[in-house]
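Following: one structure in structure tokens, then a few remarks.
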Amino acid sequence: MRVLLLGSLGVSLFAAFDFAKADTEFEDSIPIAVAEALFDIGLGGQFAAYSDIMDDFPEFQLPSEFDVMGSVVQNSQMRVALTTELEESAATEALKESFLDSGWVEMPQFQRFPSTRGFVSAVETRTFYGSQICHDEHGQLSIGFRQRDEGNVVSLRSSYGFARNWRNCDELIAQQEQSMAMMRGRSSGLGELMPRLEVPEEARQGSRPALMLGGMSSSSDSAETDARIELEWELERVYQHFAEQILEQGWTLDTESIGSLTATGTWTQTVEQNVNVIARLDVVSAGDGDFDLTMTVEVPGGRGGVGIFRSN
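Numbers 2 to 313, taken from our numbering, label the letters of the sequence shown in order.
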């Protein structure tokens with residue numbers, strides 16, 4: 002029997018509120034009325050939380066190694082939370098096989114390219130992108146894994162059918178393959194010469210979503226990457242931290258300027274066919290320990306079109 006929770010959520014939902022700057026967290030459960038007000042977003046949206054799996058979720062055989070924490074419907078998406086003692090790969094594989102036995106098909110693993118150039122974290126982190134499967138009737142379903150203090154949690158996410166104009170799994174997979182081909186094209190060009198710039202271990206990544214560590218746009222003529230970090234350092238120390246790394250990677254210093262709020266340096270490097278490439282680093286102190294970082298690599302006069310970098 003599937004019961005709609007009326008009093009409190011059976012899943013571990015936590016929210017931080019700012020009641021007159023009190024910043025008081027719910028420590029255990031959230032009243033259902035509060036949860037509905039928070040998560041029922043959008044015109045015609047819906048929110049419902051269940052202690053088991055909602056009826057509309059695609060049928061599958063739950064392996065014995067998993068227990069149901071609960072499930073939630075939020076607008077057009079259904080999510081099921083499971084607990085398990087299995088490790089990441091084993092848990093994902095067991096659930097995926099269960100769905101494949103029910104007529105689903107496995108989708109290619111469209112993972113992001115690793116951040117080996119541009120601004121990257123000095124501390125190696127591992128991100129799990131999960132598995133994606135598809136069914137011509139039910140649409141796309143993703144399987145994600147997270148290790149929490151309370152134990153391993155697996156999340157199943159499914160929508161009602163296909164989004165946009167996709168009619169079946171073949172169309173969805175073809176579209177994603179096209180998107181990945183475009184991403185590979187953007188990652189080539191002068192991005193191949195972008196220095197790897199490790200941020201200090203003491204730094205924290207900023208909260209602005211437009212500035213993500215390691216993000217980069219690239220073409221045959223120029224490449225640019227930026228980031229915002231929080232660091233209790235002086236401006237000159239931040240600049241020198243990255244400038245030393247650029248020199249170590251074979252670039253020659255051309256000019257540099259360090260002021261009270263901004264620091265800028267340019268370096269040069271000669272690549273094949275005797276083409277000169279310029280690298281420019283800008284560090285801006287944004288106040289309160291925040292620093293905006295921008296690294297640009299370009300060929301003067303747009304000469305990248307001569308073909309020294311060709312996408313495969």
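All C-beta atoms in this analysis are idealised placements derived from N, C-alpha and C, irrespective of residue type, glycine included.
Bear in mind that the values here come from a model prediction, so they are computed numbers and not experimental data.
Residue i - containing beta strand (DSSP E), residue span
{"i": "Y51", "result": "F48 to Y51"}
{"i": "Q241", "result": "First-last for Q241: L236 to E249, but that is the alpha helix (DSSP H), not the beta strand (DSSP E)."}
{"i": "A228", "result": "S223 to E231"}
{"i": "I134", "result": "S132 to H136"}
{"i": "V300", "result": "Neither: V300 is in no beta strand (DSSP E) and is coded neither H nor E."}
{"i": "A82", "result": "Q78 to T85"}
{"i": "F67", "result": "F67 to Q75"}
Residues that DSSP places opposite residue i in a beta bridge
{"i": "T271", "result": "N277"}
{"i": "I174", "result": "Bridge partners of I174: none, in fact."}
{"i": "R197", "result": "G119"}
{"i": "L254", "result": "W268"}
{"i": "Q179", "result": "Answer by DSSP bridge pairing: none, since Q179 is not bridged."}
{"i": "Q148", "result": "N153"}
{"i": "G140", "result": "H136"}
{"i": "R158", "result": "R80 and S143"}
{"i": "T263", "result": "V285"}
{"i": "F292", "result": "I230 and S286"}
{"i": "E28", "result": "Its beta-bridge partners do not exist; DSSP assigns none."}
{"i": "E60", "result": "Beta-bridge pairing links E60 to no other residue."}
{"i": "E107", "result": "I134"}
Rounded Cβ spacing between residue i and residue j (contact assumed at less than 8 Å)
{"i": "P201", "j": "R118", "result": "Going by Cβ atoms, the distance from P201 to R118 rounds to 18 Å, so no, they are not a contact pair."}
{"i": "Q148", "j": "Q141", "result": "That pair is no contact at about 24 Å."}
{"i": "F146", "j": "E89", "result": "5 Å"}
{"i": "E314", "j": "Q246", "result": "The shown model of the chain, from 2 to 313, leaves out residue 314, and the question about it has no answer."}
{"i": "F48", "j": "S159", "result": "No, F48 and S159 are not in contact; Cβ-Cβ is about 16 Å, not under 8 Å."}
{"i": "L248", "j": "S286", "result": "Rounded, the Cβ-Cβ distance is 22 Å, inconsistent with contact."}
{"i": "E203", "j": "G290", "result": "No, E203 and G290 are not in contact; Cβ-Cβ is about 11 Å, not under 8 Å."}
{"i": "N277", "j": "P301", "result": "7 Å"}
{"i": "L83", "j": "F61", "result": "Rounded, the Cβ-Cβ distance is 11 Å, inconsistent with contact."}
Alpha carbon of residue i to alpha carbon of residue j, nearest angstrom
{"i": "G266", "j": "Q250", "result": "15 Å"}
{"i": "L96", "j": "Y240", "result": "48 Å"}
{"i": "S208", "j": "V121", "result": "At S208, the pLDDT of 41 sits below 50, so the modelled position is not reliable and the matter cannot be decided from this model."}
{"i": "N76", "j": "T85", "result": "27 Å"}
{"i": "E322", "j": "H242", "result": "This structure leaves residue 322 out entirely; the chain is present only between 2 and 313."}
{"i": "E299", "j": "D293", "result": "20 Å"}
{"i": "R238", "j": "E28", "result": "41 Å"}
{"i": "P32", "j": "A50", "result": "11 Å"}
{"i": "S103", "j": "S143", "result": "15 Å"}
{"i": "L173", "j": "E107", "result": "12 Å"}
{"i": "V154", "j": "L63", "result": "14 Å"}
{"i": "G192", "j": "D222", "result": "10 Å"}
{"i": "T263", "j": "E26", "result": "39 Å"}
{"i": "A36", "j": "V73", "result": "11 Å"}
{"i": "E273", "j": "S258", "result": "29 Å"}
{"i": "G71", "j": "M55", "result": "9 Å"}
{"i": "Q177", "j": "C170", "result": "11 Å"}
{"i": "A244", "j": "W252", "result": "10 Å"}
{"i": "E98", "j": "G288", "result": "51 Å"}
{"i": "D137", "j": "R80", "result": "19 Å"}
{"i": "S156", "j": "W268", "result": "47 Å"}
{"i": "R281", "j": "T297", "result": "5 Å"}
{"i": "F163", "j": "T256", "result": "54 Å"}
{"i": "L194", "j": "A224", "result": "9 Å"}
{"i": "A175", "j": "A34", "result": "42 Å"}
{"i": "S30", "j": "S52", "result": "13 Å"}
N-terminal and C-terminal residue of the alpha helix (DSSP H) that residue i is part of
{"i": "T93", "result": "E89 to L101"}
{"i": "I33", "result": "I33 to F40"}
Closer than 9 Å to chain D by CB, residue i
{"i": "P109", "result": "As a matter of chain content, chain D is missing from the structure shown, which is built from one protein chain."}
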